[in-house]
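My numbering numbers the first residue of the sequence shown as 432 and each following residue consecutively. Even for Gly, the Cβ is constructed at its ideal location relative to N, Cα and C. What follows is a single structure, written as structure tokens, with notes after it.
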Amino acid sequence: NQYPYGLEGGFFLSYVASAMKNRTSHEIAERYASREVIYLSSLLDLWPKKPQRCQSYAQGKTNVEASANYFAHLEQYFGKKVHNLLTIEGVEHDHALVFQSL
Numbered sequence: 432n433q434y435p436y437g438l439e440g441g442f443f444l445s446y447v448a449s450a451m452k453n454r455t456s457h458e459i460a461e462r463y464a465s466r467e468v469i470y471l472s473s474l475l476d477l478w479p480k481k482p483q484r485c486q487s488y489a490q491g492k493t494n495v496e497a498s499a500n501y502f503a504h505l506e507q508y509f510g511k512k513v514h515n516l517l518t519i520e521g522v523e524h525d526h527a528l529v530f531q532s533l
């Protein structure tokens, strides 16, 4: 959690700083897990991620891989399924088409 966007000592946008006020990183994580969240992942979003940096590739080489890894990490971290992942077939990296497919 000690990296630019981590919950401990990182860079905070004003809304994040406000949410963190008087809360521990554990409390923030539990609050996040309790929310109703649906992740959308387009299955044809297979182009190599940009920017091509080590930090980005650590998450996955494509957005499809990164979203699957993130979702699996949440389940591992919390020890249970906390959110939902909806995969969209036939759509590449295009947010408008992802939402239109719903």
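Exposure of residue i, with buried meaning 16 or more beta-carbon neighbours within 10 Å
i, result
"Asn453", "exposed"
Residues near residue i by beta carbon distance below 7 Å, same chain, minus five either side
i, result
"Phe509", "Ala464"
"Thr455", "none"
"Lys492", "Pro479, Lys480"
Reference residue i; option with closest CA among the options
i, options, result
"Leu516", "Pro479, Ser473, Met451", "Ser473"
"Asp476", "Leu533, Glu458, His526", "His526"
"Val522", "Asn494, Glu506, Gln507", "Asn494"
"Ala497", "Lys481, Ile459, Glu520", "Lys481"
"Lys512", "Met451, Glu458, Ser445, Val468", "Val468"
Cutoff 6 Å; reference residue i; Cβ partners in own chain excluding five residues on either side
i, result
"His524", "Asp476"
"Ile529", "In the sequence under discussion, the amino acid at residue 529 is Val, which differs from the Ile named in the question. Contacts found: Leu471, Ser473, Ile519, Val522."
Helix, strand or coil at residue i [DSSP, three-state]
i, result
"Leu533", "coil"
"Leu438", "coil"
"Leu528", "helix"
"Leu516", "strand"
"Leu471", "strand"
Beta-carbon proximity check, residue i vs residue j, cutoff 9 Å
i, j, result
"Arg466", "His514", "yes"
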